[in-house]
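There are 2 protein chains.
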Amino acid sequence: METAERLIRSTQDLLWERGYVGTSPKAIQLAAEAGQGSMYHHFSGKAELARAAIERSGAELRAAAEEQFSSGGTATDRITRYLERDREVLRGCRIGRLTSDPDVIADPALRAPIDETFRWLRTRLAEIIAEGKKKGEYPAALDATKTAATIAAVLQGGYVLARAADSEEPFEQAVEGLITLLAGVSA
Amino acid sequence: METAERLIRSTQDLLWERGYVGTSPKAIQLAAEAGQGSMYHHFSGKAELARAAIERSGAELRAAAEEQFSSGGTATDRITRYLERDREVLRGCRIGRLTSDPDVIADPALRAPIDETFRWLRTRLAEIIAEGKKKGEYPAALDATKTAATIAAVLQGGYVLARAADSEEPFEQAVEGLITLLAGVSA
DNA sequence: GTCTATACACTGATAGAC
DNA sequence: GTCTATCAGTGTATAGAC
């Protein structure tokens with residue numbers, strides 16, 4: 045694998061594991077088996093490398109979600125499949141966890157790919173709910189945008205509760221509770 | 045105010061603002077207007093000080109939530125009041141945000157007060173839902189524990205979405221979406 | 001493209017004086 | 001209790017050789 049590619053992937057891993065503040069150029073170089081000069085030849089510094097890594101992770105997250113969204117069945121089927129997909133719950137969300145980092149949120153270049161990813165997710169969920177409304181699966185009065193935000197929030201919040209408890213249980217409970225609530229508004 | 049007290053409060057602020065990894069003893073001393081020697085006289089180091097600060101923040105969070113929970117009205121009234129309480133959404137949750145920090149999650153002494161706080165919150169929400177079930181406000185089949193986890197998750201996830209978007213909007217949408225879903229299962 | 005050398009501030013403490 | 005001195009290590013680069 046090329047050096048630049050190894051640097052990006054190592055940064056993705058370290059950002060997931062340690063966050064932005066907790067990730068040093070030195071640690072990236074070590075993980076990527078690249079020297080100082082090599083890293084600074086390919087990237088201007090930690091921020092640019094992080095931007096590349098976050099963009100990559102965002103794209104991967106979107107692709108993984110789209111796999112469930114584009115699978116067949118009713119809107120509820122597709123949403124449920126997305127919610128119940130296998131996840132490494134205790135590691136948290138690679139993208140969502142970065143929102144805790146003040147240096148990420150303060151830098152528009154680093155926040156942008158995170159913003160885009162969640163914006164895409166909420167929009168995509170809203171589209172699926174809107175389709176469900178058209179087919180009579182949900183009442184016409186259901187607000188697709190708000191419901192989509194609720195679904196995205198349950199996942200992100202589920203990760204938080206799970207990491208706090210050092211157990212996947214609260215994540216699973218939150219998801220199952222949401223599925224029950226969604227069933228309650230179904231026609 | 046006493047020095048130890050000032051140190052704890054400054055640490056609470058800095059942990060909220062910068063996280064654990066991003067908060068240095070020096071920054072704490074500066075904020076608390078205390079010298080090095082003073083800080084290390086009162087606390088063994090950064091970890092012990094953080095523990096005191098997290099415990100304090102957890103207790104404050106519980107007290108603030110209990111204010112809404114113990115107010116009058118139906119279960120839905122009390123939950124809605126809690127969900128719609130004024131919050132500094134873009135700052136995120138003082139406790140929840142710390143779950144992103146690997147050094148916090150790795151140290152049982154630091155994770156414990158976070159775990160306790162969310163465990164209390166989920167239990168308390170479940171009690172209120174159970175009361176609602178007894179009074180016929182919710183169907184007997186509704187799972188109080190799961191629904192409680194969903195509610196707690198929507199708040200924590202709402203913070204994540206809001207910080208990603210640099211806007212309170214997705215938080216508010218997620219909360220409103222949840223309230224609609226809860227109304228859907230109400231009798 | 002990659003390497004080594006250098007730099008300077010900051011981190012998280014410890015030691016001992018007052 | 002608080003202060004100042006000191007310290008080994010890390011963070012985040014830049015400079016210039018190869």
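Those protein sequences? They're chains A and B, same order as listed. If you count the first sequence from 1, position 118 lands on 162 in my numbering, and the numbers rise without skipping. If you count the second sequence from 1, position 2 lands on 46 in my numbering, and the numbers rise without skipping. The beta-carbon is built from N, C-alpha and C at its ideal position, and this holds for glycine as well.
Checklist entry - In chain B, which residues lie with their C-beta within 8 angstroms of the C-beta of leucine 226/A? => result What you label residue 226/A is simply residue 182 of the first sequence in a count that begins at 1. Correct list: Leu225.
Next on the checklist: Residues of chain B with CB closer than 8 angstroms to the CB of alanine 44/A, please, in chain order.
Outcome noted: There is no way to answer for residue 44/A, as the model of chain A reaches only from 45 to 231.
Checklist entry - What does isoleucine 172/B touch in chain A if you count any residue whose Cβ is under 8 angstroms from its own? => result Within the second sequence, numbered from 1, the residue matching residue 172/B stands at position 128. Residues of chain A whose Cβ lies closer than 8 angstroms to the Cβ of isoleucine 172/B do not exist; the shortest such Cβ separation is about 14 angstroms.
Checklist entry - Beta carbon of arginine 141/A: closer than 7 angstroms to some heavy atom of the ligand ZN? => result Within the structure as shown, the ligand ZN is missing, as the structure has no ligands at all.
Next on the checklist: Check this for me: beta carbons of glycine 201/B and glutamine 112/A, under 8 angstroms apart or not?
Outcome noted: On the second sequence, position 157 is the one that residue 201/B refers to. On the first sequence, position 68 is the one that residue 112/A refers to. At the C-beta level, glycine 201/B and glutamine 112/A stay beyond 8 angstroms of one another.
Item to check | Coil, strand or helix - glycine 136/B by DSSP | outcome: Position 92 of the second sequence, counted from the first residue, corresponds to residue 136/B. Three-state result, glycine 136/B: coil.
Item to check | Reference alanine 119/A; option with closest CA among Met45/A, Glu181/A, Leu225/A and Ala208/A | outcome: Translated into positions along the first sequence, residue 119/A becomes position 75. Across the set Met45/A, Glu181/A, Leu225/A and Ala208/A, the C-alpha of Glu181/A shows the shortest separation from the C-alpha of alanine 119/A.
Next on the checklist: Restricting to Cα atoms, I'd like to know which of Ala231/A, Val198/A and Ala209/A is closest to glycine 221/A.
Outcome noted: What you label residue 221/A is simply residue 177 of the first sequence in a count that begins at 1. Minimum Cα distance to glycine 221/A is reached at Val198/A.
Checklist entry - What three-state label does DSSP hand serine 319/B in the structure shown? => result Residue 319/B is absent from the structure shown; chain B starts at 45 and stops at 231.
Checklist entry - Which whole-angstrom value is the C-beta distance of alanine 208/A and threonine 143/B, which I expect to be below 8 angstroms? => result Position 164 of the first sequence, counted from the first residue, corresponds to residue 208/A. Position 99 of the second sequence, counted from the first residue, corresponds to residue 143/B. With 8 angstroms as the limit, alanine 208/A and threonine 143/B qualify as a contact, their Cβ atoms being about 5 angstroms apart.
Item to check | 8 angstroms Cβ cutoff met for arginine 166/B and alanine 196/B | outcome: What you label residue 166/B is simply residue 122 of the second sequence in a count that begins at 1. What you label residue 196/B is simply residue 152 of the second sequence in a count that begins at 1. Yes, the Cβ-Cβ distance between arginine 166/B and alanine 196/B is below 8 angstroms.
Checklist entry - When you compare each of Ala96/B, Leu127/B and Ala94/B to alanine 109/B by their alpha carbons, which one comes out closest? => result By 1-based counting over the second sequence, the position of residue 109/B is 65. Comparing alpha carbon positions, the residue from Ala96/B, Leu127/B and Ala94/B closest to alanine 109/B is Leu127/B.
Next on the checklist: Considering Cα atoms alone, identify which of Arg62/A, Ala218/A and Asp57/A is closest to isoleucine 149/B.
Outcome noted: In the second sequence, residue 149/B corresponds to position 105, counting from 1. Comparing Cα positions, the closest option is Arg62/A.
Next on the checklist: Residues in the same chain with beta-carbon distance under 6 angstroms from alanine 188/A, minus the five sequence neighbours each way, listed in chain order, please.
Outcome noted: Along the first sequence, read from residue 1 onward, the residue named residue 188/A stands at position 144. So the qualifying residues of the chain are Ala170, Ile173 and Ala174.
Next on the checklist: So alanine 231/B and proline 183/B are supposed to be a Cβ contact under 8 angstroms. How far apart are they, rounded?
Outcome noted: Here residue 231/B refers to the residue found at position 187 of the second sequence. Here residue 183/B refers to the residue found at position 139 of the second sequence. That belief holds up - the Cβ atoms of alanine 231/B and proline 183/B are roughly 6 angstroms apart, short of 8 angstroms.
Next on the checklist: Just to check my reading of the structure: leucine 225/B and leucine 226/A have Cβ atoms closer than 8 angstroms, yes? What is that Cβ distance to the nearest angstrom?
Outcome noted: One-based indexing of the second sequence puts residue 225/B at position 181. One-based indexing of the first sequence puts residue 226/A at position 182. The pair is a contact, with the Cβ atoms about 7 angstroms apart (cut-off 8 angstroms).
Checklist entry - Apart from the five residues just before and just after alanine 206/A, which ones in its own chain have a Cβ nearer than 7 angstroms to its Cβ? => result Your numbering for residue 206/A matches position 162 in the first sequence. Closer than 7 angstroms at Cβ, skipping near neighbours: Val133, Leu134, Glu212, Pro214 and Phe215.
Checklist entry - Where are the alpha helix (DSSP H) runs, 4 residues long or more, that stay fully inside the segment 89-166 of chain A, in chain order? => result As for any alpha helix (DSSP H) of minimum length 4 sitting wholly inside the segment 89-166 of chain A, the runs are 90-113, 119-127 and 146-150, ordered along the chain.
Next on the checklist: Helix, strand or coil for threonine 67/B? Go by DSSP, reduced to three states.
Outcome noted: Looking up residue 67/B in the second sequence gives position 23. Note: threonine 67/B maps to coil in three-state DSSP.
Next on the checklist: What residue range does the alpha helix (DSSP H) around glutamate 220/A cover?
Outcome noted: Counted from its first residue, the first sequence places residue 220/A at position 176. Counting along the chain, the alpha helix (DSSP H) containing glutamate 220/A begins and ends at 213-229.
Next on the checklist: So if I threshold CB-CB distances at 8 angstroms, which residues from the segment 107-120 of chain A count as touching chain B?
Outcome noted: The residues in question: there are none.
Checklist entry - Of all the CB atoms in chain B, is at least one closer than 8 angstroms to the CB of isoleucine 72/A? => result Walking along the first sequence from the start, residue 72/A turns up at place 28. Not a single CB atom of chain B sits nearer than 8 angstroms to the CB of isoleucine 72/A.
Item to check | Contact set for aspartate 151/A: own chain, Cβ-Cβ below 7 angstroms, skip 5 residues either direction | outcome: Taking the first residue of the first sequence as 1, we reach residue 151/A at position 107. So the qualifying residues of the chain are Ala91.
Next on the checklist: Please list the terminal residues of the continuous alpha helix (DSSP H) segment that includes leucine 205/B.
Outcome noted: Counting from one through the second sequence, the residue named residue 205/B turns up at place 161. Where leucine 205/B is concerned, the enclosing alpha helix (DSSP H) stretches over 188-209.
Next on the checklist: Once DSSP output is grouped into helix, strand and coil, what is the label at lysine 179/B?
Outcome noted: In the second sequence, residue 179/B corresponds to position 135, counting from 1. Note: lysine 179/B maps to coil in three-state DSSP.
Next on the checklist: For a contact defined as C-beta to C-beta under 8 angstroms, what are the partners of arginine 155/A on chain B?
Outcome noted: Residue numbering aside, residue 155/A sits at position 111 when the first sequence is read from its first letter. Those within 8 angstroms of arginine 155/A in chain B are Ala208 and Asp210.
Checklist entry - Cβ atoms of leucine 59/B and alanine 71/B: under 8 angstroms apart, would you say? => result Taking the second sequence and counting its residues from 1, one reaches residue 71/B at position 27. Taking the second sequence and counting its residues from 1, one reaches residue 59/B at position 15. By the CB criterion at 8 angstroms, alanine 71/B and leucine 59/B fall outside the cutoff.
Checklist entry - Nearest to glutamate 46/B by alpha carbon, out of Met83/B, Glu104/B and Tyr203/B? => result By 1-based counting over the second sequence, the position of residue 46/B is 2. Of the candidates Met83/B, Glu104/B and Tyr203/B, the one whose C-alpha sits nearest the C-alpha of glutamate 46/B is Met83/B.
Checklist entry - Does DSSP put glutamate 77/B in a helix, a strand or coil? => result Along the second sequence, one-based indexing puts residue 77/B at 33. Note: glutamate 77/B maps to coil in three-state DSSP.
Checklist entry - Closer than 8 angstroms, CB to CB, is isoleucine 149/A near chain B or not? => result Walking along the first sequence from the start, residue 149/A turns up at place 105. So, interface residue.
Checklist entry - Taking 8 angstroms as the CB-CB cut-off, is arginine 135/A touching chain B? => result Within the first sequence, the letter at position 91 stands for residue 135/A. Interface criterion not met: the Cβ of arginine 135/A is under 8 angstroms from no Cβ in chain B.
Item to check | Short CB-CB distance (under 8 angstroms) between glutamine 217/B and chain A | outcome: Walking along the second sequence from the start, residue 217/B turns up at place 173. By this cut-off, glutamine 217/B is an interface position.
Checklist entry - Can you name, in chain order, every residue of its own chain whose Cβ lies under 7 angstroms from the Cβ of histidine 86/B, other than the five neighbours on each side? => result For this step, residue 86/B is matched to residue 42 along the second sequence. Cβ neighbours of histidine 86/B beyond the five flanking positions: Thr47, Ala48 and Leu51.
Checklist entry - So which of Tyr64/A, Gly66/A, Cys137/A and Asp130/A has the shortest CA-CA distance to threonine 161/A? => result For the purposes of this step, residue 161/A is taken as residue 117 along the first sequence, with counting starting at 1. That would be Cys137/A, whose Cα lies nearest to the Cα of threonine 161/A.
Item to check | Buried/exposed call for alanine 103/A, threshold 16 Cβ in 10 Å | outcome: On the first sequence, position 59 is the one that residue 103/A refers to. Only exposed fits alanine 103/A, as fewer than 16 other CB atoms lie within 10 angstroms of its CB.
Item to check | 7 angstroms CB neighbourhood of valine 28/B in its chain, flanking five on each side removed | outcome: Since the displayed chain B opens at 45 and closes at 231, residue 28/B lies outside it and no answer follows.
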